[in-house]
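Only one structure is covered here, and it is reproduced in the block below.
In our numbering, the protein residues as written are 0 to 465.
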């Protein structure tokens with residue numbers, strides 16, 4: 000999601016000054032866009048639609064453009080259903096169910112999508128299987144047929160399955176030389192160990208060749224079921240039109256399937272440093288500690304805290320201390336990683352091998368300073384202003400709004416969330432942020448993974464896999 004960059008010099012360079020000016024210009028442009036978006040954002044109305052067959056979706060009607068966008072997910076339908084030794088089943092399934100379905104082989108199916116500019120795509124992660132749909136309304140009937148066929152009658156013909164499998168294996172081989180991918184995999188294995196989150200949802204070079212068509216069909220029967228569905232819809236469509244359409248797309252799916260068997264993670268991180276040797280001039284650094292689940296009542300306080308810590312680009316303390324003041328890294332960041340069964344506060348950086356130790360020490364120092372001394376009121380106020388002001392940027396097109404509707408249902412937010420969300424941010428106080436920092440931030444629990452040839456950095460944790 001974010002990438003490490005190259006190191007700057009130890010002083011504030013010309014590049015830093017130029018980037019600061021760019022950041023100001025981007026901020027001004029964003030503010031102008033926000034002003035333009037506010038009227039439309041304020042008028043967003045969410046309707047709950049229940050189909051004749053009992054399928055629920057949240058709808059935002061938009062008659063300005065004759066299109067329909069749908070974002071949907073099967074909560075609890077992700078890689079947790081992969082059988083041991085068959086890791087990557089959910090991902091391979093998501094990559095092949097639109098490679099021919101029903102009476103249409105792969106070439107015909109993809110040709111129909113292309114000829115009528117219909118977008119249908121699927122993805123599978125640790126927790127969910129998800130899909131996207133976008134079509135001009137004049138092609139909507141055929142688009143609905145194609146989406147329904149992909150979900151209920153995928154062909155899994157040998158040629159496209161083997162072609163996609165080969166593409167996945169090539170990606171896995173390339174990941175073996177990608178420092179970011181190596182660090183992410185090692186972090187998951189170090190923190191989660193035998194928990195399902197420690198298994199690679201993309202699969203492995205050993206597991207992907209073993210996945211059969213029967214495995215993918217069994218996965219779909221377990222995971223792609225109506226009881227797991229969360230659906231967001233935006234477009235020029237009425238509730239009366241949407242209800243029957245939902246039944247056409249999803250009505251043939253099994254009503255129920257296997258439950259999500261992924262257990263809750265214990266929330267602990269070991270603390271310490273993993274070093275993975277790689278002959279590169281710059282080391283990639285990943286770090287993590289326990290975080291906050293989305294249903295934690297302090298989650299919005301955590302959003303404000305993290306923005307100041309490392310989520311706010313040039314306005315964050317990590318960037319100020321590590322990049323601006325010392326030129327140790329081009330990019331340093333943190334973010335809240337909340338999964339269905341675990342929550343982490345994660346981050347990363349990239350720096351020259353000779354300065355990895357200094358960078359790690361500074362990350363720990365920033366966390367310790369936050370914890371012990373808290374923040375000043377201005378930084379908290381600025382964070383709240385940005386977080387509330389940037390919210391309308393999530394509503395710049397139909398698919399993004401549909402994605403928000405799907406996410407709201409996925410995480411159990413109320414249907415009036417668009418109206419109430421910013422109030423939850425504005426209610427966060429300086430005292431709330433400082434209390435959370437004192438309770439949550441833990442320099443001793445910070446787990447680092449370094450990929451490179453860091454100098455004067457001692458590994459205190461074993462390398463996963465030996």
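Cβ atoms here follow ideal geometry from the backbone N, Cα and C, with glycine treated the same way.
For residue i, the nearest candidate out of the options (CA to CA)
{"i": "residue 125", "options": "118, 240 and 337", "result": "337"}
{"i": "residue 73", "options": "451, 181, 218 and 197", "result": "218"}
{"i": "residue 280", "options": "391, 364, 167 and 354", "result": "354"}
{"i": "residue 164", "options": "189, 63 and 206", "result": "206"}
{"i": "residue 87", "options": "166, 147 and 367", "result": "166"}
{"i": "residue 149", "options": "251, 294 and 439", "result": "251"}
{"i": "residue 204", "options": "291, 58 and 174", "result": "174"}
{"i": "residue 381", "options": "409, 314 and 370", "result": "314"}
{"i": "residue 75", "options": "258, 461, 96 and 44", "result": "258"}
{"i": "residue 210", "options": "414, 92 and 439", "result": "92"}
{"i": "residue 369", "options": "181, 434, 114 and 198", "result": "434"}
{"i": "residue 231", "options": "418, 68, 53 and 445", "result": "68"}
{"i": "residue 351", "options": "305, 383 and 278", "result": "278"}
{"i": "residue 414", "options": "50, 55 and 51", "result": "55"}
{"i": "residue 127", "options": "224, 383 and 170", "result": "224"}
{"i": "residue 52", "options": "400, 410, 253 and 376", "result": "253"}
{"i": "residue 169", "options": "401, 202 and 374", "result": "202"}
{"i": "residue 335", "options": "319, 374, 299 and 290", "result": "290"}
According to DSSP, residues forming a beta bridge with residue i
{"i": "residue 70", "result": "131 and 231"}
{"i": "residue 274", "result": "449"}
{"i": "residue 59", "result": "233"}
{"i": "residue 219", "result": "Paired residue(s): none; residue 219 is not in a bridge."}
{"i": "residue 436", "result": "According to DSSP, which records beta bridges pairwise, residue 436 is partnered with nothing at all."}
{"i": "residue 121", "result": "130"}
{"i": "residue 100", "result": "103 and 153"}
Any non-hydrogen atom of the ligand SAH within 7 Å of residue i CB
{"i": "residue 384", "result": "Inclusion of the ligand SAH in the displayed structure is not the case, the ligand content being empty and no account of it being possible."}
Where the beta strand (DSSP E) through residue i begins and ends
{"i": "residue 47", "result": "46 to 49"}
{"i": "residue 351", "result": "342 to 351"}
{"i": "residue 331", "result": "331 to 337"}
{"i": "residue 289", "result": "281 to 289"}
Pair within 8 Å by beta-carbon distance, residue i and residue j
{"i": "residue 155", "j": "residue 215", "result": "yes"}
{"i": "residue 131", "j": "residue 118", "result": "yes"}
{"i": "residue 309", "j": "residue 385", "result": "no"}
{"i": "residue 79", "j": "residue 195", "result": "yes"}
{"i": "residue 256", "j": "residue 213", "result": "no"}
{"i": "residue 269", "j": "residue 363", "result": "no"}
{"i": "residue 331", "j": "residue 378", "result": "no"}
{"i": "residue 264", "j": "residue 340", "result": "yes"}
{"i": "residue 405", "j": "residue 47", "result": "no"}
{"i": "residue 261", "j": "residue 447", "result": "no"}
{"i": "residue 185", "j": "residue 275", "result": "yes"}
{"i": "residue 111", "j": "residue 145", "result": "yes"}
{"i": "residue 135", "j": "residue 59", "result": "no"}
{"i": "residue 463", "j": "residue 189", "result": "yes"}
{"i": "residue 297", "j": "residue 200", "result": "no"}
{"i": "residue 440", "j": "residue 366", "result": "yes"}
{"i": "residue 98", "j": "residue 178", "result": "no"}
{"i": "residue 304", "j": "residue 426", "result": "no"}
{"i": "residue 460", "j": "residue 183", "result": "no"}
{"i": "residue 61", "j": "residue 282", "result": "no"}
{"i": "residue 408", "j": "residue 192", "result": "no"}
Limits of the alpha helix (DSSP H) - the one that residue i falls within
{"i": "residue 401", "result": "397 to 409"}
{"i": "residue 205", "result": "Here residue 205 belongs to no alpha helix (DSSP H), and DSSP marks it neither H nor E."}
{"i": "residue 178", "result": "178 to 191"}
{"i": "residue 456", "result": "Where residue 456 is concerned, there is no enclosing alpha helix (DSSP H), given that its DSSP letter is neither H nor E."}
{"i": "residue 321", "result": "Neither: residue 321 is in no alpha helix (DSSP H) and is coded neither H nor E."}
{"i": "residue 247", "result": "238 to 249"}
{"i": "residue 386", "result": "376 to 388"}
{"i": "residue 76", "result": "No alpha helix (DSSP H) holds residue 76; DSSP gives it neither H nor E."}
{"i": "residue 303", "result": "298 to 305"}
{"i": "residue 424", "result": "416 to 425"}
{"i": "residue 95", "result": "88 to 95"}
{"i": "residue 360", "result": "355 to 372"}
Do the stretch 339 to 350 and the stretch 285 to 301 meet, that is, are 3 or more Cβ pairs less than 8 Å apart?
-> Using a C-beta cut-off of 8 Å, the stretch 339 to 350 makes contact with the stretch 285 to 301, since at least three inter-stretch Cβ pairs fall below that distance.
Taking contact to mean at least 3 C-beta pairs separated by less than 8 Å, is the stretch 411 to 428 in contact with the stretch 228 to 240?
-> Segment contact: the stretch 411 to 428 against the stretch 228 to 240, fewer than three CB-CB distances shorter than 8 Å; contact not assigned.
Touching by the beta-carbon criterion (3+ pairs, under 8 Å), the stretch 315 to 325 and the stretch 356 to 367 = yes
Count the CB pairs spanning the stretch 424 to 442 and the stretch 236 to 255 that are closer than 8 Å, and state whether there are at least three.
-> no
Spell out a yes or no on whether the stretch 77 to 95 and the stretch 139 to 149 are touching, meaning 3 or more CB-CB pairs, one atom from each, closer than 8 Å.
-> no
Could you tell me whether the stretch 443 to 459 touches the stretch 382 to 396, using the rule of 3 or more Cβ pairs below 8 Å?
-> no
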